[in-house]
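The structure appears right after this line, and notes come after that.
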Amino acid sequence: MSQHAERSHWGSRWSFMLATAGSAIGLGNIWKLPYMIGVNGGSAFVLVFLLCIFFVGIPLMMTEILLGRRAQKNPFNGMQALAAEARVSRSWKYLGGVGMITGLLILGFYSVIGGWVLSYIYYAAVGTFTEINGAQSTANFNALLASPLTLLFWHTFFMLLTMGVVARGVNSGLEKANNILIPALFMILLILLGYSMSVGDMHLAAQFMFNPDFGKITPVSVLSALGHAFFSLSLGMGSVMVYGSYLQRNVSIACTTIYIALIDTALGLLVGLAIYALVFANHLPVASGPGLIFQTLPIAFGHMPAGSFIGTLFFILVAFAAWTSSISLVEPATAWLVENKEMKRSSAAWLIGITVWLLGVTVLLSFNEWKGIDIIFGLNVFETLDKLTSTILLPLGGLFMAIFAGYFMRKTHVQEELNLSNRAFDLWRFTNNIVAPIAIGAVFLYLFGVIH
Ligand code: PHE
13 MSQHAERSHW GSRWSFMLAT AGSAIGLGNI WKLPYMIGVN GGSAFVLVFL
63 LCIFFVGIPL MMTEILLGRR AQKNPFNGMQ ALAAEARVSR SWKYLGGVGM
113 ITGLLILGFY SVIGGWVLSY IYYAAVGTFT EINGAQSTAN FNALLASPLT
163 LLFWHTFFML LTMGVVARGV NSGLEKANNI LIPALFMILL ILLGYSMSVG
213 DMHLAAQFMF NPDFGKITPV SVLSALGHAF FSLSLGMGSV MVYGSYLQRN
263 VSIACTTIYI ALIDTALGLL VGLAIYALVF ANHLPVASGP GLIFQTLPIA
313 FGHMPAGSFI GTLFFILVAF AAWTSSISLV EPATAWLVEN KEMKRSSAAW
363 LIGITVWLLG VTVLLSFNEW KGIDIIFGLN VFETLDKLTS TILLPLGGLF
413 MAIFAGYFMR KTHVQEELNL SNRAFDLWRF TNNIVAPIAI GAVFLYLFGV
463 IH
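Plus 12 on top of the position in the sequence shown (first one is 1) and you've got the numbering used here.
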């Protein structure tokens, strides 16, 4: 059987959308965006983040989907095939290779945070949050971080969940779950937002997040915002490319991308609002970092009617969102092992699972035993992996994809995939070929100290 015939395709356009949205929506929106807003000074960060989503994220998501659909292969083989089609160096395949590794590096810490979420399902269900105040909530969270064994248990649990689905293949596992989960997540967020509005300080929260304060825009906030746009939309490492390779020919890449980007961004901002309303009402610090949602949300669940139930449901849905994202993080590497190394899907999943699990163990230790150990620039294992992937590897991957599609592929081939009106196509080309590379390039030049 030819490789082409073996590839499964999504059941419908809706399934692709839900799966890609499932990849995009995850801890990036619910856990990471809210705390990054706080750490990077609020509205300035939000503004730059939104600009990055619109002018870099959306065009590059289209690019990544089109590369995947044209290639019909895993990112490594896919880039090789596209390079052959464009008659340029086969070395482009390494772009796919780096992406696969990036996905595994991200999962190394993603799974540990996924584990935090799983543990919070349990805490919510047994009523730990009832009547809790800010100090108690922070103490609970710190106690979790201080216990390597507890973290190990939940991290292992999360990895098993992820690899269990990956082992079974993209159609059987993913497609169905997303149909219910994403709408359910939105629903529960609205409940949370409603509650935060009634007891929290929504006015201050909105001001903190949306009152543009250009003076607060710093190079670091720009860098983090750009990196987070990639992280949040799952761009630059091949997840979207692999999902694009399962997408049928007749589906519009542009419309799908815009829907996904809007849903993803809206969801992150809604969580942010709900959280900061609570932060201000409870006089909690805005810049408390990765623990933010775990310290603030229990306060809401501890006091609202039916809080244990709603809290449990909320963390279950977050765990599902994290789960569908983590599956997409390993999909490129799995597809590569299956298609190139002729491994069985289940063996590939085990191999990857164990490797990433071990990486995760080093990450969870960086919250306790190895807290002080600096890997580079004073960053511990968790911080190093996070910064390396979000601010360097993902934007760099995206940059190369943009350059490839914009300058190396034949224009007619690109247009065949995008199938846009002339004006829309020109707009995509302008953002993909010029705006995005300049934005990413400038940020990198700054990072390496070339421009100040
Ligand atoms: N977008 C996911 C999230 O926001 C994380 C992710 C990044 C998934 C890169 C796949 C690839 O949680």
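Beta carbons: idealized from backbone N, C-alpha and C, even for Gly. Bear in mind that the values here come from a model prediction, so they are computed numbers and not experimental data.
Item: Let me check one thing: in DSSP terms, what residues is L391 bridge-paired to?; Value: I388
Item: What three-state label does DSSP hand H295 in the structure shown?; Value: coil
Item: Nearest by alpha-carbon distance to G40: which of L119, I200 and M73 is it?; Value: L119
Item: Could you say which of I125, I272, A218 and V252 lies nearest to I194 if we only look at CA atoms?; Value: I272
Item: Check whether the Cβ of M249 sits closer than 7 Å to any heavy atom of the ligand MN, and report yes or no.; Value: Ligands present in the displayed structure are limited to the ligand PHE, and the ligand MN is not among them.
Item: For S101 and L63, what's the separation of their Cα atoms in angstroms?; Value: 33 Å
Item: Touch check for the stretch 190-207 and the stretch 324-339: three-plus C-beta pairs under 8 Å?; Value: yes
Item: Considering only heavy atoms of the ligand PHE, does any lie closer than 7 Å to the CB of A36?; Value: yes
Item: Give me the residue from S149, C267 and V283 with the minimum Cα distance to W43.; Value: V283
Item: Does the beta-carbon distance from N86 to P344 come in below 8 Å?; Value: yes
Item: DSSP state of R261, grouped into three classes?; Value: coil
Item: Any contact of the stretch 138-158 with the stretch 95-110, i.e. 3+ C-beta pairs under 8 Å?; Value: no
Item: For T269 and A361, I'd like the C-alpha separation in whole angstroms.; Value: 28 Å
Item: Which of helix, strand or coil does DSSP assign to N86?; Value: coil
Item: Going by beta-carbon coordinates alone, are T32 and V252 separated by less than 8 Å?; Value: yes
Item: How many whole angstroms separate the CB atoms of A448 and A414, which I take to be in contact at a CB cut-off of 8 Å?; Value: 5 Å
Item: Relative to the C-alpha of M299, which residue among G53, L370, A36 and L397 is closest?; Value: Residue identity check: residue 299 is Ala in the sequence provided, not Met. The candidate whose alpha carbon is nearest that of A299 is G53.
Item: Among residues of its own chain, excluding the 5 on either side of N445, which ones have a beta-carbon nearer than 6 Å to its beta-carbon?; Value: G418
Item: Let me make sure I understand the geometry here. Which of I322, F306 and T367 has the alpha-carbon closest to that of T346?; Value: T367
Item: Does the ligand PHE have even one heavy atom less than 7 Å from the beta-carbon of N86?; Value: no
Item: Using 7 Å as the cut-off, classify the Cβ of N154 as near or not near the heavy atoms of the ligand PHE, replying yes or no.; Value: no
Item: Helix, strand or coil: which one does DSSP assign to G365?; Value: helix
Item: If distances are taken between C-alpha atoms only, which option among G34, M29, V68 and F57 comes closest to F442?; Value: V68
Item: Taking 7 Å as the line, does the beta carbon of N190 fall inside it for any heavy atom of the ligand PHE?; Value: no
Item: Along the chain, where does the alpha helix (DSSP H) containing N445 start, and where does it finish?; Value: Taken as a continuous stretch (DSSP letters only), N445 belongs to no alpha helix (DSSP H), as it is neither H nor E.
Item: T403 lies in the alpha helix (DSSP H); which residues open and close that run?; Value: T403 -> no alpha helix (DSSP H), and no H or E assigned at all.
Item: So, with DSSP's three-state summary, where would you put Q15?; Value: Bear in mind that the predicted position of Q15 carries a pLDDT of just 40, short of 50, making it unreliable; the figure below should be weighed with that in mind. Of the three classes helix, strand and coil, the one that applies to Q15 here is helix, per DSSP.
Item: So S337 is in the alpha helix (DSSP H); what residue range does that whole segment cover?; Value: G319 to N352
Item: Among I339, I322 and G34, which one has its Cα closest to the Cα of G181?; Value: I339
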